[in-house]
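Please read the structure below before turning to the comments.
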Amino acid sequence: MTATQGPSAGDGAGTPDTSSTTDTSAPGRDTVAEVVRQWRAVHPGLDTGPMEVIGRINRCAALFQQAEDAPLRRAGLTRPEFDLLGALRRTGHELTPSELARETFSSGAAVTKRLKQLTERGLVERRGDTRDRRVAHVRLTDAGRELVDGILPSQLAYENAVLSGLDDGELGDLAGLLGGLLAQLEGRLGALRA
Numbered sequence: 001m002t003a004t005q006g007p008s009a010g011d012g013a014g015t016p017d018t019s020s021t022t023d024t025s026a027p028g029r030d031t032v033a034e035v036v037r038q039w040r041a042v043h044p045g046l047d048t049g050p051m052e053v054i055g056r057i058n059r060c061a062a063l064f065q066q067a068e069d070a071p072l073r074r075a076g077l078t079r080p081e082f083d084l085l086g087a088l089r090r091t092g093h094e095l096t097p098s099e100l101a102r103e104t105f106s107s108g109a110a111v112t113k114r115l116k117q118l119t120e121r122g123l124v125e126r127r128g129d130t131r132d133r134r135v136a137h138v139r140l141t142d143a144g145r146e147l148v149d150g151i152l153p154s155q156l157a158y159e160n161a162v163l164s165g166l167d168d169g170e171l172g173d174l175a176g177l178l179g180g181l182l183a184q185l186e187g188r189l190g191a192l193r194a
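Numbering follows the UniProt record's numbering, with no gaps: position 14 of the sequence shown is 14.
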């Protein structure tokens, strides 16, 4: 098992052997450290550096997905639905479904499904393009705008609490490092897709 595999969906760090006596709950230890230790024992010549970064990013993402979004759940929204509503709110204008797919890093089919659900709830509305009937334009309703504006402060406060173990300097450093990594990956992977 690698640090990016595991039996639970989105785990990202693998599941260490439960027979291990290493305490991964000790300060400075995490589940990925144990996975890496196990791989080094099996393959001592391999460079596990990428695993230590990607495994931890995947594991953090999985834990965030499990722990966060309490304010969204209380409002009856999923994170992908909120991201779609948020894209409409922050851009401040109508978007086509394909533009929403790009803004939310989602597939067209996923956006179509979410738009149907959000339209039924009265949070978004669609109108046809006057020049091309195949194109739809999506905008927030007043209820959708009020919902986003009402949830955002509590969602940000919740996310701040999740990250409260890091001080401002650490948060800034981490945001900068992740921003640099993301820019590289988006550029490289975007060029590969072109």
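Backbone N, C-alpha and C define an ideal beta-carbon position, used for all residues, glycine too. Here the structure is a predicted model, which means the values were calculated and not measured.
Cβ neighbour criterion (16 or more within 10 Å) applied to residue i
{"i": "glutamate 120", "result": "exposed"}
{"i": "leucine 77", "result": "buried"}
{"i": "glutamate 81", "result": "buried"}
{"i": "alanine 140", "result": "Per the sequence presented here, residue 140 reads as leucine, with alanine not at that position. Classification of leucine 140: buried, given that the 10 Å Cβ count is 16 or more."}
{"i": "leucine 185", "result": "exposed"}
{"i": "aspartate 23", "result": "Low per-residue confidence applies at aspartate 23: pLDDT is 43, beneath 50, and the placement is therefore not dependable enough to give any value."}
{"i": "glycine 55", "result": "buried"}
{"i": "valine 135", "result": "exposed"}
{"i": "leucine 46", "result": "exposed"}
{"i": "leucine 181", "result": "exposed"}
{"i": "valine 162", "result": "exposed"}
{"i": "leucine 174", "result": "exposed"}
{"i": "serine 107", "result": "exposed"}
Under 8 Å between C-beta atoms of residue i and residue j
{"i": "histidine 43", "j": "glutamate 94", "result": "no"}
{"i": "arginine 79", "j": "leucine 85", "result": "no"}
{"i": "leucine 115", "j": "glycine 144", "result": "no"}
{"i": "valine 32", "j": "arginine 59", "result": "yes"}
{"i": "threonine 104", "j": "aspartate 83", "result": "yes"}
Nearest residue (CA-CA) to residue i, options the options
{"i": "leucine 147", "options": "Arg29, Leu88, Leu63, Arg59", "result": "Leu88"}
{"i": "glutamate 52", "options": "Phe64, Gln38, Gln65", "result": "Gln38"}
{"i": "aspartate 129", "options": "Pro97, Ala41, Glu159", "result": "Pro97"}
{"i": "glutamate 159", "options": "Gln65, Gly187, Arg131", "result": "Gln65"}
{"i": "alanine 70", "options": "Arg188, Leu171, Ala157", "result": "Ala157"}
Opposing strand residues paired with residue i [DSSP bridges]
{"i": "leucine 140", "result": "Val124"}
{"i": "leucine 166", "result": "Per DSSP, none; premise fails for leucine 166."}
{"i": "leucine 95", "result": "Val138"}
Separation of residue j from residue i, as counted between CA atoms
{"i": "serine 164", "j": "leucine 100", "result": "31 Å"}
{"i": "leucine 166", "j": "glutamate 34", "result": "22 Å"}
{"i": "arginine 29", "j": "threonine 48", "result": "16 Å"}
{"i": "arginine 90", "j": "glutamine 155", "result": "15 Å"}
{"i": "proline 50", "j": "leucine 178", "result": "14 Å"}
{"i": "arginine 74", "j": "glycine 150", "result": "12 Å"}
{"i": "leucine 152", "j": "alanine 41", "result": "46 Å"}
Beta carbon proximity, residue i to chain B, threshold 8 Å
{"i": "serine 164", "result": "The structure shown contains no chain B, having only a single protein chain."}
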